[in-house]
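If you read the sequence shown in the working numbering, its first letter stands for residue 45, the second for the next number, and so on. Every residue, glycine too, gets a C-beta built ideally from N, C-alpha and C.
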Amino acid sequence: MIVRRLHQDLIEAETISGSSERGIVVGICRARNSYKELRPDGVSFERFQFPIRVAFCMTITKAQGQTCERLGIDILDEPFAHGQTYTAFSRCRSGENIRVFAPGKTPDNNGNVSMRNVVARGIRFD
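Written as structure tokens, this is what we have:
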């Protein structure tokens, strides 16, 4: 989901994954949690919070079917399944807007970084 508007007690968010649910605007209400008579010292209080977890990334599997204007790909760990690399790189509208984070990988003389081929052993694509 992408947050579209913030209100005092409501977050308006738009769904971005799932072919049938994409583009639906949903409201997330702030929840009230009351803590009364639960503590032995008699202290009671209320807490108001939104039931959300902030995320700054999307897995390659979740990205399938998505299109992005800008894309960052973290290949700290190499892909483990056929098609993961293709899926990741093909999500962006323009190759100029893709940035790859590949720590520990040594570029060749042309500045290219190679990854292990997970389809067939012994074959390497440059």
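query = Using a Cβ-Cβ cut-off of 8 Å (strictly less than) and excluding sequence neighbours within five positions of residue 75, which residues of its own chain qualify?
reply = Mapped onto the sequence shown, residue 75 falls at position 31. Take residue 75, set aside five residues on each side of it, and the residues of its chain with a beta-carbon closer than 8 Å to its own are 92, 93, 94 and 95, in chain order.
message = For residue 46 and residue 79, I'd like the C-alpha separation in whole angstroms.
response = Position 2 of the sequence shown, counted from the start, is the residue given in the question as residue 46. Position 35 of the sequence shown, counted from the start, is the residue given in the question as residue 79. Cα to Cα, the separation comes out at about 31 Å.
message = For residue 136, count the other beta carbons within 10 Å of its own beta carbon; 16 or more makes it buried, fewer makes it exposed. Which is it?
response = Sequence index remark: in the sequence shown, residue 136 carries index 92 (1-based). Looking at its Cβ environment, which holds 16 or more other Cβ atoms inside 10 Å, residue 136 is buried.
message = I'd like to confirm the pairing. Which residues does DSSP put opposite residue 79 in its beta bridges?
response = Position 35 of the sequence shown, counting from 1, holds the residue named residue 79. For residue 79, which the question treats as bridged, DSSP gives the partners 89.
query = Any idea what DSSP makes of residue 57, helix, strand or coil?
reply = Counted from its first residue, the sequence shown places residue 57 at position 13. In the structure shown, residue 57 sits in a strand (DSSP, three-state: E or B).
task = Measure the alpha-carbon distance for residue 112 versus residue 133 and round it to whole angstroms.
result = Taking the first residue of the sequence shown as position 1, residue 112 is located at position 68. Taking the first residue of the sequence shown as position 1, residue 133 is located at position 89. Distance between residue 112 and residue 133, taken at the CA atoms: about 10 Å.
ask   = For residue 143, which residues does DSSP report across the bridge?
value = Residue 143 sits at position 99 when you count from the first residue of the sequence shown. 116.
inquiry  = So if DSSP puts residue 71 in a beta bridge, which residue, or which two residues, is it bridged to?
reply    = Here residue 71 refers to the residue found at position 27 when the sequence shown is read from its first residue. Answer by DSSP bridge pairing, in chain order: 56.
query = Start and end of the beta strand (DSSP E) containing residue 46?
reply = Position 2 of the sequence shown, counted from the first residue, corresponds to residue 46. First-last of the beta strand (DSSP E) with residue 46: 46 to 50.
inquiry  = Quick check on the burial criterion: 16 or more other C-beta atoms within 10 angstroms. Buried or exposed for residue 115?
reply    = The residue you call residue 115 lines up with position 71 of the sequence shown. Around the beta carbon of residue 115, a 10 Å sphere encloses 16 or more other beta carbons of the protein chains shown; the residue is thus reported as buried.
query = Going straight from the alpha carbon of residue 66 to that of residue 81, what length do you get?
reply = On the sequence shown, residue 66 is found 22 positions in, with the first residue counted as 1. On the sequence shown, residue 81 is found 37 positions in, with the first residue counted as 1. Answer to the nearest angstrom: the Cα atoms are 43 Å apart.
ask   = What number of angstroms, rounded off, separates the C-alpha of residue 150 from the C-alpha of residue 131?
value = The sequence position of residue 150 within the sequence shown is 106, counting from 1. The sequence position of residue 131 within the sequence shown is 87, counting from 1. Pairing residue 150 with residue 131, the inter-Cα distance amounts to about 23 Å.
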